[in-house]
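First the structure, in the form of structure tokens, and then the observations on it.
Numbering (our numbering), first residue to last: 15 to 215.
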């Protein structure tokens, strides 16, 4: 049985950076966000369902999904966000499990932003939460999305409560530091996870 670490955290907490650090250490990584992007790039049935529900306004003239337009809608409309999650999440979970079966490294790290309940992800052995203070997250959102502080606050406000993630987390990293401090934290966890994976498998 593959030892799986679930990586979670709010938007702009540094999950993608952490996933990259694990990859640098030779660990297989799986990204729910990357899978979602792949599904919404190459699955015609999914794209048609999105068009039927949201309309042509969330598509570019090329026929590609206008992710910025779609994100703006779902961040401000919980009902529509739930509809999109119900469409994509079963497909994402199915692909995650398919990718786990191909892993050859001692353990794998799976980035799952909406990891709140272990019962939905029974294959997760340990949960790693990446978090940061509100000011840091707002700055990162504004830089990444080139948006105003008000827009960044609206995006952050749409995120689920961090406390629910903390309640199931086995390990928590506060990513307010410089990248090298973060990397050292990941190196330490990697050593621990390799030992845990050996004892489980």
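The beta carbon of each residue, even a glycine, is placed where N, CA and C say it ideally should be.
- Between the C-alpha atoms of residue 100 and residue 27 there is a straight-line separation of about 24 Å.
- Three or more beta-carbon pairs separated by less than 8 Å are not found between the segment 72–90 and the segment 19–35, which leaves the two stretches without contact.
- For residue 95, the CB contacts under 6 Å within the same chain, skipping 5 residues up- and downstream, are 88 in chain order.
- With distances taken between CA atoms, residue 117 lies nearest to 42 out of 42, 34, 210.
- Selection 139, 29, 159, 56 evaluated against residue 200 yields 29 as nearest (Cα-Cα).
- For residue 34, the uninterrupted alpha helix (DSSP H) run begins and ends at 29–38, by DSSP.
- Under the 8 Å Cβ criterion, the segment 177–195 counts as touching the segment 140–152, having at least three qualifying pairs.
- Beta-bridge analysis with DSSP links residue 135 to no other residue.
- Rounded to the nearest whole angstrom, the CA to CA distance from residue 98 to residue 161 is 23 Å.
- Taking a contact as a CB-CB distance under 8 Å, the pair residue 137 and residue 19 does not count as one, their CB atoms being some 11 Å apart.
- Residue 60 sits close to residue 53, with the two beta carbons spaced by under 8 Å.
- Comparing alpha-carbon positions, the option among 214, 129, 195, 204 lying closest to residue 176 turns out to be 129.
- Burial of residue 17 is indicated by the presence of at least 16 other C-beta atoms within 10 angstroms of its C-beta.
- Residue 213 sits in a helix when the DSSP states are folded into three classes.
- The segment 158–192 is shown to contain whole alpha helix (DSSP H) runs of 4 or more residues at 163–171, 176–182, in chain order.
- Setting aside the 5 residues that flank it on each side, residue 148 is surrounded in the same chain by 170, each with a C-beta closer than 8 Å to its C-beta; the list follows chain order.
- Counting the other CB atoms within 10 Å of its CB gives residue 174 a total below 16, which places it among the exposed residues.
- Between residue 121 and residue 79, the alpha-carbon positions lie close to 34 Å from each other.
- Residue 68 counts as buried, since no fewer than 16 other beta carbons sit within 10 angstroms of its beta carbon.
- For residue 115, no beta strand (DSSP E) run applies, since DSSP gives it neither H nor E.
- The beta carbon of residue 178 sits closer than 7 Å to the beta carbons of 130 from its chain, once the five residues preceding and following it are set aside; these are given in chain order.
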